[in-house]
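Novice: In full-length UniProt numbering, the protein residues as written are 1 to 143.
Submitted below is the structure of interest, expressed as structure tokens.
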Amino acid sequence: MDAALAQARMAAGQGEVPVGAVVVDRQGCIIGTGHNTPVATHDPSAHAEMVALREACRSTGNYRLDGAVLVVTLEPCLMCAGAMVHARVAGVVYGAPDLKAGAVTSCLDALDQPFHNHRVWHMGHVRAAECGALLQEFFRERR
């Protein structure tokens, strides 16, 4: 989560919503990093998770990330949850819950749908206070 928080701080420094993510392989090595960049890239899909997954896929030379774990500072949305299923990541660890758009447990149980041909385990609320404080501070400064 330290590496994901560092990515989130990078996003904040660039004026993006401070969400950061890393993809870790079975050996515990970071194979992909990312932070929110939709404003800078003019790309609504440039969420931290998507950026990290893309980098991990490029670094492994495979669109499947069997055994990998995605670590992200905010509960993933529906788009990112779907990408995790398609990439075949083993699991996701997230920090703060997203009560408005979280698709892992808060608003939807997207990863637990019976029609998926792959199951992604999930663990939330890891360092949630720290992850949430980063988001709260970002939005407080903009009001």
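By construction, the Cβ of each residue, glycine as well, lies at the ideal position given by its N, Cα and C atoms.
Since the model is a prediction, treat every value here as computed from it, not as a measurement.
Over the uninterrupted alpha helix (DSSP H) stretch that includes residue 132, give me the two end residues.
Specialist: What you label residue 132 is simply residue 132 of the sequence shown in a count that begins at 1. That run of the alpha helix (DSSP H) goes 128–142.
Novice: Pop quiz: residue 73 and residue 29 are said to be a contact at Cβ under 8 Å. What is the actual Cβ separation, rounded to whole angstroms?
Specialist: As a first step, residue 73 must be located in the sequence shown, where it is residue number 73. As a first step, residue 29 must be located in the sequence shown, where it is residue number 29. Not a contact, Cβ separation roughly 20 Å.
Novice: Going along the chain, which residues of its own chain have a beta-carbon closer than 6 Å to the beta-carbon of residue 121, five neighbours each way excluded?
Specialist: On the sequence shown, residue 121 is found 121 positions in, with the first residue counted as 1. 91, listed in sequence order.
Novice: Is residue 79 helix, strand or coil when you go by DSSP?
Specialist: On the sequence shown, position 79 is the one that residue 79 refers to. Residue 79: helix per DSSP, three-state reduction.
Novice: Just the Cα atoms here: how many angstroms apart are residue 20 and residue 49?
Specialist: Locating residue 20 in the sequence shown gives position 20, counting from the first residue. Locating residue 49 in the sequence shown gives position 49, counting from the first residue. Residue 20 and residue 49: Cα-Cα distance of roughly 7 Å.
Novice: What separation, rounded to the nearest whole angstrom, lies between the Cα atoms of residue 36 and residue 137?
Specialist: One-based indexing of the sequence shown puts residue 36 at position 36. One-based indexing of the sequence shown puts residue 137 at position 137. Computed Cα separation, rounded: 16 Å.
Novice: Find the nearest neighbour of residue 13 within the set 22, 40 and 23, judged by alpha-carbon distance.
Specialist: As a first step, residue 13 must be located in the sequence shown, where it is residue number 13. That would be 40, whose Cα lies nearest to the Cα of residue 13.
Novice: Just tell me which of 79, 45, 46 and 31 has its CA closest to the CA of residue 57.
Specialist: One-based indexing of the sequence shown puts residue 57 at position 57. Answer by Cα proximity: 31.
Novice: DSSP puts residue 60 in a beta bridge; with which residues?
Specialist: Position 60 of the sequence shown, counted from the start, is the residue given in the question as residue 60. None; residue 60 has no bridge partner.
Novice: CB residue 18 to CB residue 6, shorter than 7 Å?
Specialist: The residue labelled residue 18 in the question sits at position 18 within the sequence shown. The residue labelled residue 6 in the question sits at position 6 within the sequence shown. No, they are not a contact pair.
Novice: Let me confirm a value: residue 76 is counted as buried when at least 16 other C-beta atoms fall within 10 Å, else exposed. Which label applies?
Specialist: Sequence index remark: in the sequence shown, residue 76 carries index 76 (1-based). When all chains shown are included, residue 76 counts as buried.
Novice: Could you give the first and the last residue of the continuous alpha helix (DSSP H) run that contains residue 6?
Specialist: Position 6 of the sequence shown, counted from the start, is the residue given in the question as residue 6. Its alpha helix (DSSP H) spans residues 2–13.
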